[in-house]
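Under the numbering used here, residues 1346 to 1813 are what the sequence shown spells out, in order. Glycine is no exception: its CB is placed at the ideal position from the N, C-alpha and C atoms. It should be emphasised that the depicted structure is a prediction, and the values quoted were computed from it without experimental measurement.
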Amino acid sequence: MASVYEKAGKWYLRFKDAGGRWRDKVTQARTKTEARRLADELARKAERQRLGLEERLPEDGGGTLAELLQWWLETCSVNSPSHASNVSQITRHLLPSSLAALPLTAVTAPRLRAFLKEKEQELSPQTLNHLRGFVSRAFNEARAVGRYSGPNPVADVKKRTVTRRVGDFLRLEEVPRLFEALADRWRPLYATALYTGLRKGELLALRKIDVDMQSRLLTVCRSWERDTTKGGHSDVIPIASELVPFLEEAIRRSPSELVFPADDGTMMRRDVALEDVLRRALGRAGIVTGYRHVCRRKGCGHSEVAPEAAPRKCPTCTMSLWPKPQVRRIRFHDLRHTTAALLLRAGVPLASVQKLLRHRDPRITVEVYGHLTPDYLRQEVDSLNLGLRAEFDSQRATQAGRALEAAAVGQAPIAFAAPVLQAPSGKSEGAGTTGRFPQGFQPLQPARDTGFEPVAFGSGGQRSIQLS
């Protein structure tokens, strides 16, 4: 018969478990009536387990959460494409936590919510969802194989809302500038990334036998050391005619079966700094949001932000400031977004872009890249005719007339329009120095001869990317 008692301001339950042993359990009950109800429920559940009407939980609580997560990594995660990332996040965030030492029966939804709440200050909502997912999948797998028969506590823990980031990408006129700023050894790799949209692991695992120059077809079937891609399937995509010389040069240089190996012919490591190479090239190409001018005199520490790299003096010690380019936030993976963006801007149908990027679900392509289509909701938004433009044009014309009258009688003119960016004196827009570029930007000199002739990104001043 279950009973309740109060101790130190908390209500305790005393009941017989499924094995017939007396147990004491502290509760969050606020009244004796509520505690009595909980005690009766536990007593009934224990009785059903003793009679075989309900499955008993393991005597040790199913082991600890740390043991469960380690088992899941070794049996379920080991063959997944994201295994290395899973190990890293579980080892870094879950195993050192207070949850890891708890038996599975003590891992409850309130404790998981409290753990995730503590991590909010250091982790993004998406990472918190990953941690929640690791625990959920581990419990589900344990239940599926009979390792644990209790409930999955994660079912009562809601996911965080993740804001979809609209990734940045290179514009068409910026691509040649980037290539002029890249070193010779990196150009074939970055050209392949832009023309094919391959991911980093797929590029570095690409083998020479996967490149059919005669048919101009490229087989994507590997990622890093795995004989499968992130999506778990192989695909064949066409090789753009402009990409052919880059691939031929990469294959000629490679000393191994890989198209883009390290210097010793082995596969590049996962932590290879391809993004650092990209960001340095972006800075040299002037693809920046501005410049931070810093004083390099020891102990000064002065810095200031400016839109151009023109020489400046330190107001404290008069030493010349060093301009550091503040490049746009373009990751290596954003080259894949650039491929999609330039194809869509060139009028390639969304369905074709989906096949080239190898998305299984077309909804992914629409959600991520739909806004880049040339006529994205243009007709729909233009149907919103509120009659405001005619009134605005009329007011602007009136203000312009008053400004001209004031100027005629020698009064100060009235500002009625935003200033227009003018090209610098003596330079035409076609010379490459327009209002698009920061003041003081100097066009880069053509790259030196690399021993092969990469095909230009178009001709006649209108560049394009063609897939055939």
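With DSSP collapsed to three states, give me the class of residue i.
{"i": "residue 1586", "result": "helix"}
{"i": "residue 1671", "result": "strand"}
{"i": "residue 1602", "result": "coil"}
{"i": "residue 1356", "result": "strand"}
{"i": "residue 1513", "result": "coil"}
{"i": "residue 1621", "result": "helix"}
{"i": "residue 1478", "result": "helix"}
{"i": "residue 1525", "result": "helix"}
{"i": "residue 1347", "result": "coil"}
{"i": "residue 1469", "result": "coil"}
{"i": "residue 1502", "result": "coil"}
{"i": "residue 1494", "result": "coil"}
{"i": "residue 1607", "result": "coil"}
{"i": "residue 1639", "result": "strand"}
{"i": "residue 1450", "result": "helix"}
{"i": "residue 1765", "result": "The predicted model places residue 1765 with a pLDDT of 42, which falls under 50 and marks its position as unreliable, so this point remains unresolved."}
{"i": "residue 1743", "result": "helix"}
{"i": "residue 1520", "result": "helix"}
{"i": "residue 1775", "result": "Note that residue 1775 scores a pLDDT of 41, beneath 50, so its modelled location is shaky and nothing firm can be said."}
{"i": "residue 1644", "result": "coil"}
I'd like the list of long-range same chain contacts for residue i, defined as Cβ closer than 6 Å, with 5 residues on each side in sequence excluded.
{"i": "residue 1546", "result": "1568, 1569"}
{"i": "residue 1657", "result": "1638, 1666"}
{"i": "residue 1688", "result": "1698"}
{"i": "residue 1707", "result": "1699"}
{"i": "residue 1723", "result": "none"}
{"i": "residue 1792", "result": "Unreliable placement is indicated for residue 1792, whose pLDDT of 45 sits below 50; no coordinate value is reported for it."}
{"i": "residue 1523", "result": "1626, 1630"}
{"i": "residue 1716", "result": "none"}
{"i": "residue 1540", "result": "1585, 1588"}
{"i": "residue 1512", "result": "1679, 1682"}
By Cβ distance below 7 Å, which residues in the same chain neighbour residue i in space, the five residues on each side in sequence not counted?
{"i": "residue 1418", "result": "1431, 1432, 1435"}
{"i": "residue 1531", "result": "1622"}
{"i": "residue 1381", "result": "1349"}
{"i": "residue 1391", "result": "1360, 1361, 1362, 1363"}
{"i": "residue 1486", "result": "1417, 1421"}
Taking just the CA atoms, how far does residue j sit from residue i?
{"i": "residue 1626", "j": "residue 1534", "result": "14 Å"}
{"i": "residue 1477", "j": "residue 1438", "result": "11 Å"}
{"i": "residue 1429", "j": "residue 1472", "result": "15 Å"}
{"i": "residue 1347", "j": "residue 1408", "result": "27 Å"}
{"i": "residue 1583", "j": "residue 1562", "result": "5 Å"}
{"i": "residue 1318", "j": "residue 1736", "result": "An answer regarding residue 1318 cannot be provided, because it is not within the stretch 1346 to 1813 covered by the chain."}
{"i": "residue 1612", "j": "residue 1549", "result": "7 Å"}
{"i": "residue 1731", "j": "residue 1738", "result": "14 Å"}
{"i": "residue 1365", "j": "residue 1614", "result": "57 Å"}
{"i": "residue 1704", "j": "residue 1575", "result": "11 Å"}
{"i": "residue 1527", "j": "residue 1628", "result": "11 Å"}
{"i": "residue 1506", "j": "residue 1497", "result": "21 Å"}
{"i": "residue 1525", "j": "residue 1630", "result": "8 Å"}
{"i": "residue 1519", "j": "residue 1632", "result": "7 Å"}
{"i": "residue 1647", "j": "residue 1663", "result": "11 Å"}
{"i": "residue 1596", "j": "residue 1553", "result": "7 Å"}
{"i": "residue 1395", "j": "residue 1488", "result": "21 Å"}
{"i": "residue 1443", "j": "residue 1451", "result": "12 Å"}
{"i": "residue 1619", "j": "residue 1482", "result": "33 Å"}
{"i": "residue 1423", "j": "residue 1634", "result": "42 Å"}
{"i": "residue 1358", "j": "residue 1385", "result": "9 Å"}
{"i": "residue 1616", "j": "residue 1453", "result": "37 Å"}
{"i": "residue 1677", "j": "residue 1516", "result": "15 Å"}
{"i": "residue 1673", "j": "residue 1636", "result": "11 Å"}
{"i": "residue 1353", "j": "residue 1379", "result": "17 Å"}
Short of 8 Å in beta carbon distance, which residues of its chain neighbour residue i, apart from the five on each side in sequence? Order them along the chain.
{"i": "residue 1681", "result": "1538, 1542, 1543, 1544, 1702"}
{"i": "residue 1377", "result": "1349, 1351, 1356"}
{"i": "residue 1445", "result": "1409, 1410, 1411, 1414, 1439"}
{"i": "residue 1750", "result": "none"}
Does the region 1708-1719 touch the region 1559-1568, meaning 3 or more C-beta pairs lie closer than 8 Å? They do not touch, by the three-pair rule.
In chain order, which continuous runs of the alpha helix (DSSP H) of length 4 or greater are located wholly inside the region 1653-1729? Taking 4 residues as the minimum length, the alpha helix (DSSP H) runs contained wholly in the region 1653-1729 are 1679-1690, 1695-1702, 1707-1714, 1723-1727, in order along the chain.
Decide yes or no for the touch test of the region 1485-1504 against the region 1454-1474: beta carbon pairs closer than 8 Å, at least 3 of them. Judged by Cβ distances under 8 Å, the region 1485-1504 makes contact with the region 1454-1474, as three or more pairs qualify.
Let me know the alpha helix (DSSP H) ranges lying completely inside the region 1530-1586, each 4 residues or longer, listed in chain order. When DSSP assignments are scanned along the region 1530-1586, the uninterrupted stretches of alpha helix (DSSP H) that are 4 or more residues long and fall wholly within it turn out to be 1532-1541, 1545-1549.
Could you pull out every unbroken alpha helix (DSSP H) segment of at least 4 residues lying fully inside the region 1361-1447, listed in chain order? You should have 1377-1395, 1410-1417, 1428-1434.
Decide if the region 1665-1679 is in contact with the region 1629-1644; the criterion is three or more beta carbon pairs, one per stretch, under 8 Å apart. Under the 8 Å Cβ criterion, the region 1665-1679 counts as touching the region 1629-1644, having at least three qualifying pairs.
Is it a yes or a no for the region 1570-1584 touching the region 1598-1605, going by three-plus beta-carbon pairs under 8 Å? Segments in contact, no.
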